[in-house]
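Chemist:
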Amino acid sequence: MASNVIFIVTLCIFSVCFLTIWKYSGMEHEDRKFKAILITFFMVMLFQFLVFDPLRFLVLAIDAACWPRLQRPPVPDPEAKRHTRMDYLKLRLRSLRSQLLITEKHRNEELNLKYRTIVRELWVYGKLFLIHLFLNLALVNRLLYYNGESIENLMKYNHTDSIGLSNVLFLHQLYPFIEHTLINGFLNNDHHRLTSHWNHVNSTQLVGVIQMRLLRDTGEHYGLSDPEYTKKEYSEGWSLPNVREPYTNKYWSIYLPWLPMSKNYSFFEKFFLSIRQYGYFAMYPELTGYATTLRNTRKDSIKVLEYLYEKNWLDQRTAALFLDFTLYNVDANMFSVITLRFENLPYGIIHSSMYVNSVSLTESAETLPWFGMICLFAYVIIWLELGMTVIVPLWFEPKRLKLFWVKIDLAILLLSMIVVTLMAMRDGVVSRLLAVLEMSNTLDFIDFRIPARMTEFTVILMGFLVCLVTLRLWKVMQFSSIFQVFTMTLSLAWQALFSTACVIGIFMMGFGIATVCINGNNSDNFRSLLQGMATVMCFSFGFTSHVAPKDLFHGGLWMGILIYGIMSFTIAILLTNVFVSILNNYFTAAKAVRDRKRKDQISFWEFLCVEYADIIRTVREAFGCEHKYRRKNRTVAENIKHTMDLQAAAVASARFKRGKGHKSSIKLKGGVVTDDEAEEHERKAQAQHKDRIARTYTIAAILQTQMEIAERTLFGDKEGNLLGEDENDLHEQVPDLPRQYV
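Letter 177 of the sequence shown, counting from 1, is numbered 1308 in this note's numbering, and no numbers are missing.
Shown next as structure tokens:
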């Protein structure tokens, strides 16, 4: 207690001095600078706690193990308090009052340890779940969605001075699209500024230049395998360089569109860029092809475009064209990493698509709002508490690593560290890209795809992290009977549900193949097997607005009616209801098993009421909700008699209802009450009678102790000793309760 008082006084003095210096020192900091100071202070404290404290304790442990100090002989404390008979009586009175709450059911030590572990885990994982919830709400930026949506609309449709992406249908239309939409849209003839804003949005500017990447088909694609793309070096007009020219090794920039991409990417860049983009017709690798860039002015970009048109850069061997560029919205402080994909289909038309990834790359902990800062600090503290809860028991008991839930805890810690590491690495990549953007010329392609994809990967890992935390909290909530029923239901029904799901999946796959074969060439919803199965699954779960009956009538009217009826009734109603009915039957069986195995023990809430009785009493007194004795114009004896009459009436009513229940059971079971019900009723009655006797003896002991305290207070000295009492009777014990009631 004294150490707590010293700590509180020291903390108050430190806080008062800090606030006084901060208020009257004359220094005023901006919010961003003040947040930077707080973050630095917090990082130093975190480094001290995680690094220096373990090193310090390691050095102390080595010192104590190698050079042990001599222990002083034990000497009795001359200032120790001498307890009197009155102190003992007050202690016994508090113990007896607590004994009124503790019945025989509360003395199951194994159950108490289990509930105490649940309380500790619920406190840790409940806070972790809530802080993840608040942190995600604090860090979400809803402007990102609207920014991406507006860019997609402006790029997709025609406007006064631009061509929409949806109107590019043939290969020769790509050059006018690039000229009118991209070059004229982002670059102008202003001689004072090299770059300008976007014509549609004044606050949006192009970062760097636009990169055009071309994938060229080899023309040797047969079967269902992925197409192959050329990686040869060409001369102008896609002619093979049979003659070695003196400028082949040191070529001009006009030869860049005819040479394959040969940049030496690091492992870090390959990890985030070496992916395959799933297009409408095929899959396209990311780090292959022939790439060139436009220029930073309209005039030079038009020259590049005219050169590519004259040399026939886009021809019938073109498999796909990718346009990569980055936009920056100054007002919203967000980047938009855009990829336009044009697939040259074998049927003579082009299928265009667009991917817009709006991210906030320049946001840091210093620019977060105060709510986000508080959530971030709280998350770090809770994460440290979780680490101590998981790692400290493992240090003393390594065998716990074999437990499944311990592995889940370690996975939560590992995922949290990975997320923080990715966020720090993303900030470093963005800083390097901004430095390149600031110091280099504007002819370079500034690739913001890596930090944008790192942000996406971080969000995905955060989703998995929230799932693991929710799963861990589900395990902690198993003290509740309803959660136990759900878990038992899943444990009992997983085989039946898995078999039923397999049957439903096989049926849906066969039905999806049938719909694709009949209607796939005429309906976009059944164009491929995966899309057909996704459409059928969405329809079975009630999403019927995007599927019309006419989509299934391409194989004939009656065939379409039959297919639509099967999809509407057999899949959406019959098979789904079978699945739900099986789950409901197992739920009923699990509930019956739980009721049959229910033990006569205290619940978790009863444990909390006894374990934290002092806190509950303090809260009730603070809010004025404590129980008070109300006379209601009656004496104490009249109130006792009135309460006993109410209890007797309640017992009589319960017996009357049980009698009616027995009468109904007589009709059903021949008038025979089962032995198990009678035995259970008799056991509960005996337990209640035993508890009442124990409480009566406890109340008698409380009254006796109170009478002795009153006697010693009125007729004793300052220490409570009565006249003529021997000091040797100081530690005389008050007679204990009978053993069977303790």
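From the three backbone atoms N, C-alpha and C, an ideal C-beta is built for every residue, glycine too. This one's a predicted model, so the numbers in the text were calculated from it and none came from an experiment.
DSSP on N1475, reduced to helix/strand/coil?
Modeler: Stepping through the sequence shown from its first residue, residue 1475 is reached at position 344. Strand.
Chemist: Go ahead and pull the three-state DSSP assignment for L1270.
Modeler: Here residue 1270 refers to the residue found at position 139 of the sequence shown. Looking at L1270 - three-state DSSP - the assignment turns out to be helix.
Chemist: Identify, in the order they occur along the chain, each residue of the same chain with its Cβ nearer than 8 angstroms to the Cβ of F1846, setting aside the five sequence neighbours on each side.
Modeler: What you label residue 1846 is simply residue 715 of the sequence shown in a count that begins at 1. So the list reads L1853, L1854, once near-sequence residues are dropped.
Chemist: If you reduce the DSSP assignment to three classes, tell me which class L1592 lands in.
Modeler: Here the question's residue 1592 lines up with position 461 in the sequence shown. Residue state, collapsed to three classes: helix.
Chemist: When burial is assigned at 16 or more other CB atoms within 10 Å of the CB, is C1197 buried or exposed?
Modeler: The residue labelled residue 1197 in the question sits at position 66 within the sequence shown. With fewer than 16 other Cβ atoms within 10 Å, it is exposed.
Chemist: How far does the beta strand (DSSP E) with P1416 in it extend, from its first residue to its last?
Modeler: In the sequence shown, counting from the first residue as 1, residue 1416 sits at position 285. First-last of the beta strand (DSSP E) with P1416: 1414-1416.
Chemist: By DSSP, does H1677 sit in helix, in strand, or in coil?
Modeler: Stepping through the sequence shown from its first residue, residue 1677 is reached at position 546. Residue state, collapsed to three classes: coil.
Chemist: Given 8 angstroms as the limit, is there contact between the stretch 1457-1469 and the stretch 1543-1550, that is, 3 or more CB pairs closer than that?
Modeler: In short, these stretches do not touch, since the Cβ pair count stays below three.
Chemist: D1348 to S1397, Cα distance in whole Å?
Modeler: Counting from one through the sequence shown, the residue named residue 1348 turns up at place 217. Counting from one through the sequence shown, the residue named residue 1397 turns up at place 266. Between D1348 and S1397, the C-alpha separation is close to 27 angstroms.
Chemist: Look at the Cβ atom of G1687, then the Cβ atom of V1667, and state whether they are nearer than 8 angstroms.
Modeler: The count along the sequence shown starts at 1 and reaches residue 1687 at position 556. The count along the sequence shown starts at 1 and reaches residue 1667 at position 536. For G1687 and V1667, no; Cβs fall outside 8 angstroms.
Chemist: Closer than 8 angstroms is the cut-off here; do at least three beta carbon pairs connect the stretch 1502-1511 with the stretch 1178-1190?
Modeler: Contact between the stretch 1502-1511 and the stretch 1178-1190 is absent, because fewer than three Cβ pairs lie under 8 angstroms.
Chemist: Who are the Cβ neighbours of L1220 in its own chain at under 7 angstroms, not counting the five residues just before and after it?
Modeler: Against the sequence shown, residue 1220 aligns to sequence position 89. Within the same chain, L1220 has close Cβ partners T1836, E1839, I1840.
Chemist: Are Y1246 and R1603 closer than 8 angstroms when you measure CB to CB?
Modeler: Within the sequence shown, residue 1246 is the residue found at index 115, counting from 1. Within the sequence shown, residue 1603 is the residue found at index 472, counting from 1. Not closer than 8 angstroms, so no.
Chemist: Considering Cα atoms alone, identify which of A1720, A1744, L1266, L1492 is closest to P1582.
Modeler: Position 451 of the sequence shown, counted from the first residue, corresponds to residue 1582. Of the listed residues, the one whose Cα sits closest to P1582 is L1492.
Chemist: I need the DSSP call for A1463, collapsed to helix, strand or coil.
Modeler: Locating residue 1463 in the sequence shown gives position 332, counting from the first residue. Three-state DSSP puts A1463 in coil, outside helix and strand.
Chemist: Identify the residues that DSSP records as bridge partners of H1290: which are they?
Modeler: Reading the sequence shown from its first residue, position 159 is the one you call residue 1290. Paired residue(s): S1293.
Chemist: Could you tell me which of G1594, F1672, L1596, D1540 sits nearest to V1607, measuring between CA atoms?
Modeler: The count along the sequence shown starts at 1 and reaches residue 1607 at position 476. Taking only the C-alpha atoms, the option nearest V1607 is D1540.
Chemist: Buried or exposed for I1543, going by 16 or more other Cβ atoms inside 10 Å?
Modeler: By one-based count along the sequence shown, residue 1543 stands at place 412. With 16 or more other Cβ atoms within 10 Å, it is buried.
Chemist: Can you name, in chain order, every residue of its own chain whose Cβ lies under 6 angstroms from the Cβ of G1792, other than the five neighbours on each side?
Modeler: Your numbering for residue 1792 matches position 661 in the sequence shown. Low confidence applies here, because G1792 scores a pLDDT of 49, under 50, leaving its location unreliable and the question unanswered by this model.
Chemist: Relative to the alpha-carbon of L1274, which residue among V1461, K1849, W1736, L1621 has its alpha-carbon at the smallest distance?
Modeler: Locating residue 1274 in the sequence shown gives position 143, counting from the first residue. When each option's Cα is compared against that of L1274, the closest is V1461.
Chemist: How should G1851 be labelled, buried or exposed, when 16 other C-beta atoms within 10 angstroms of its C-beta is the threshold for buried?
Modeler: Residue mapping note: residue 1851 aligns to position 720 of the sequence shown, counting from 1. When all chains shown are included, G1851 counts as buried.
Chemist: Measure from the alpha carbon of R1426 to the alpha carbon of each residue in S1699, I1577, M1698, L1231, then state which is nearest.
Modeler: Here residue 1426 corresponds to residue number 295 of the sequence shown, with the count starting at 1. For R1426, the nearest C-alpha among the options comes from I1577.
Chemist: For a quick check, are the C-beta atoms of L1418 and L1404 less than 8 angstroms apart?
Modeler: Here residue 1418 is taken as the residue at index 287 of the sequence shown, counted from 1. Here residue 1404 is taken as the residue at index 273 of the sequence shown, counted from 1. Taking 8 angstroms as the Cβ cut-off, L1418 and L1404 qualify as a contacting pair.
Chemist: I'd like the span of the beta strand (DSSP E) that includes M1343, first residue to last.
Modeler: Locating residue 1343 in the sequence shown gives position 212, counting from the first residue. Run containing M1343: 1335-1347, per the beta strand (DSSP E) assignment.
Chemist: I need the straight-line Cα distance from W1625 to L1660, nearest angstrom please.
Modeler: For the purposes of this step, residue 1625 is taken as residue 494 along the sequence shown, with counting starting at 1. For the purposes of this step, residue 1660 is taken as residue 529 along the sequence shown, with counting starting at 1. C-alpha separation (whole angstroms): 28 angstroms.
Chemist: Is the stretch 1626-1633 close to the stretch 1280-1300, with three or more CB pairs under 8 angstroms?
Modeler: Contact between the stretch 1626-1633 and the stretch 1280-1300 is absent, because fewer than three Cβ pairs lie under 8 angstroms.
Chemist: K1166 to D1208, Cα distance in whole Å?
Modeler: For the purposes of this step, residue 1166 is taken as residue 35 along the sequence shown, with counting starting at 1. For the purposes of this step, residue 1208 is taken as residue 77 along the sequence shown, with counting starting at 1. Looking at the two C-alpha atoms, the distance is approximately 50 angstroms.
Chemist: Whose CA, out of M1585, T1701, R1344, lies closest to the CA of F1118?
Modeler: With the chain represented from 1132 up to 1873, any question about residue 1118 goes unanswered, as that position is not in the structure.
Chemist: Do A1269 and C1506 have their beta-carbon atoms positioned less than 8 angstroms apart in this structure?
Modeler: As a working note, residue 1506 is residue 375 in the sequence shown. As a working note, residue 1269 is residue 138 in the sequence shown. Taking 8 angstroms as the Cβ cut-off, C1506 and A1269 qualify as a contacting pair.
Chemist: Between the C-alpha atoms of N1380 and G1518, what's the straight-line distance to the nearest angstrom?
Modeler: Here residue 1380 is taken as the residue at index 249 of the sequence shown, counted from 1. Here residue 1518 is taken as the residue at index 387 of the sequence shown, counted from 1. Interpretation of N1380 is limited by its pLDDT of 49, a score under 50 that renders its predicted location unreliable; the figure taken from the coordinates is listed afterwards. Using only the alpha carbons, I get a separation of about 57 angstroms.
Chemist: I think A1451 touches N1475, with their Cβ atoms under 8 angstroms apart; what is that distance to the nearest whole Å?
Modeler: Here residue 1451 is taken as the residue at index 320 of the sequence shown, counted from 1. Here residue 1475 is taken as the residue at index 344 of the sequence shown, counted from 1. About 7 angstroms separates the two Cβ atoms, so the contact holds.
Chemist: Rounded to whole angstroms, how far is the Cβ of L1313 from the Cβ of Y1415, which I believe are closer than 8 angstroms?
Modeler: Here residue 1313 refers to the residue found at position 182 when the sequence shown is read from its first residue. Here residue 1415 refers to the residue found at position 284 when the sequence shown is read from its first residue. With 8 angstroms as the limit, L1313 and Y1415 do not qualify as a contact, their Cβ atoms being about 20 angstroms apart.
Chemist: Between L1142 and the rest of its own chain, which residues show a CB-CB distance below 6 angstroms, the 5 nearest in sequence each way excluded?
Modeler: Here residue 1142 refers to the residue found at position 11 when the sequence shown is read from its first residue. If we look at L1142 and ignore the five residues flanking it on each side, it has no Cβ neighbours.
Chemist: When you compare only the Cα positions, how much space is there between V1140 and F1172?
Modeler: On the sequence shown, position 9 is the one that residue 1140 refers to. On the sequence shown, position 41 is the one that residue 1172 refers to. Their backbone Cα atoms lie some 22 angstroms apart in a straight line.
Chemist: Between which two residues does the beta strand (DSSP E) containing I1481 stretch?
Modeler: Position 350 of the sequence shown holds residue 1481. I1481 -> beta strand (DSSP E) spans 1481-1490.
Chemist: Take F1595 as the anchor and find which of L1177, H1263, S1229, F1466 has the nearest alpha-carbon.
Modeler: What you label residue 1595 is simply residue 464 of the sequence shown in a count that begins at 1. Nearest C-alpha to F1595: H1263.
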